[in-house]
Structures are given as C-alpha cells and as structure tokens.
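S.K.:
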Amino acid sequence: MTSKELNSRFNILVVDDNRDMLLITSSLLKISGFRTQTCESGPRCIAMTEAEVFDAVILDIEMSDMDGFAVCEHIRAQPWGKLLPIIAYTGHKEDIFQKYPGKSAFTRFLAKPATIEELSKAIHDAISAMK
1 MTSKELNSRF NILVVDDNRD MLLITSSLLK ISGFRTQTCE SGPRCIAMTE AEVFDAVILD
61 IEMSDMDGFA VCEHIRAQPW GKLLPIIAYT GHKEDIFQKY PGKSAFTRFL AKPATIEELS
121 KAIHDAISAM K
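This is the structure:
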C-alpha cells in the first residue's frame with residue numbers, strides 16, 4: 001500500500017481563519033492523499049466535529065472569533081473528543097504554549113508554514129499517540 005493510499009483512509013479537518021493558509025494546508029494534505037474538510041472559525045469547527053467523525057483536526061491557535069485553545073478545550077470536554085487527535089498549528093514558536101494552561105490538551109504542535117512531509121508526519125504521529 002502506498003503512502004497516498006494509506007493517507008486516503010483519514011478524514012482531516014483543517015481550521016484556520018486565514019483563507020490563504022487554509023487553502024494551502026488543505027491542498028498539501030490532498031496532494032498527500034488525505035481527505036480534507038475545511039472551516040474558518042472556532043464555532044464552525046465545534047459544530048463540524050459534533051456532526052461528523054474526523055481522524056484528526058489541524059487547528060489554528062490565533063483566530064479572531066474563538067482561539068484554538070478554547071476550541072480544543074471545548075472538544076476535549078465532550079466524550080467523543082477526549083481521544084480526537086488535535087494538532088495545534090501556529091506561526092508562533094512553542095513558547096506561546098507556556099502562556100496558556102490548555103496547552104497540554106493538544107496532541108501535537110506544528111509550526112506554520114509546514115512542509116507536506118511535516119504535515120503528514122504530524123497527522124500520523126497524532127493519530128498513533130491517541131490510540
């Protein structure tokens with residue numbers, strides 16, 4: 001089985017309020033074979049994860065309507081969200097997590113912009129970590 005075939009088993013939600021970054025990230029994942037859906041806000045992410053099963057969420061930290069920490073906290077509070085792999089995706093260095101108590105709720109951290117290989121590895125690592 002090729003990596004593209006393996007990746008096609010996974011449904012990934014990409015969340016970012018920067019439309020360009022959202023499209024770039026989603027496109028890179030699709031090139032790698034992942035099935036992707038996108039949204040541009042925290043509340044929409046919550047609604048989508050409540051309505052559908054995702055294998056992982058790539059979640060921007062700094063969004064204007066609801067930051068990624070609040071979104072992650074809300075998802076983790078749900079019975080179905082405790083084991084959902086959530087990857088923090090941000091342009092800030094990891095030291096941003098020292099400022100927020102919810103940092104441990106994320107499965108993985110990924111700095112923007114990420115390469116196609118970094119995105120794929122982060123997803124596979126996050127999914128493996130939550131099994």
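Quick note: the sequence shown uses this note's numbering, first residue 1, plus one each step.
Note that the Cβ used here is the ideal one computed from N, Cα and C, for glycine as well.
(1) Just list the residues that DSSP pairs residue 88 with in beta bridges.
(2) Please report the distance separating the alpha-carbon of residue 28 from that of residue 77.
(3) In the DSSP output, which residue or residues are listed as bridge partners for residue 13?
(4) Could you pull the start and end residues of the alpha helix (DSSP H) that residue 43 belongs to?
(5) May I ask you to report which of helix, strand or coil DSSP gives residue 25?
(6) At the level of alpha carbons, what is the spacing between residue 117 and residue 25?
(7) Using CA coordinates, which residue listed in 105, 58, 3, 110 is at the minimum distance from residue 15?
(8) Assess, as a yes-or-no matter, whether the region 73–90 is touched by the region 28–39 under the definition of 3 or more beta carbon pairs within less than 8 Å.
(9) Look at the Cβ atom of residue 12, then the Cβ atom of residue 55, and state whether they are nearer than 8 Å.
(10) How close, in whole Å, do the beta carbons of residue 75 and residue 68 come, if the pair is a contact with beta carbons under 8 Å?
(11) For residue 17, which residues from the same chain have a beta carbon less than 6 Å from its beta carbon, with the 5 sequence-adjacent residues on both sides left out?
M.R.: The structure says:
(1) 59, 109
(2) 30 Å
(3) 37, 57
(4) 42–51
(5) helix
(6) Within the model, the alpha-carbon separation for residue 117 versus residue 25 is close to 12 Å.
(7) Checking every option, the nearest Cα to that of residue 15 belongs to 58.
(8) no
(9) yes
(10) About 10 Å separates the two Cβ atoms, so there is no contact after all.
(11) The answer, listed in chain order, is 40, 63, 64.
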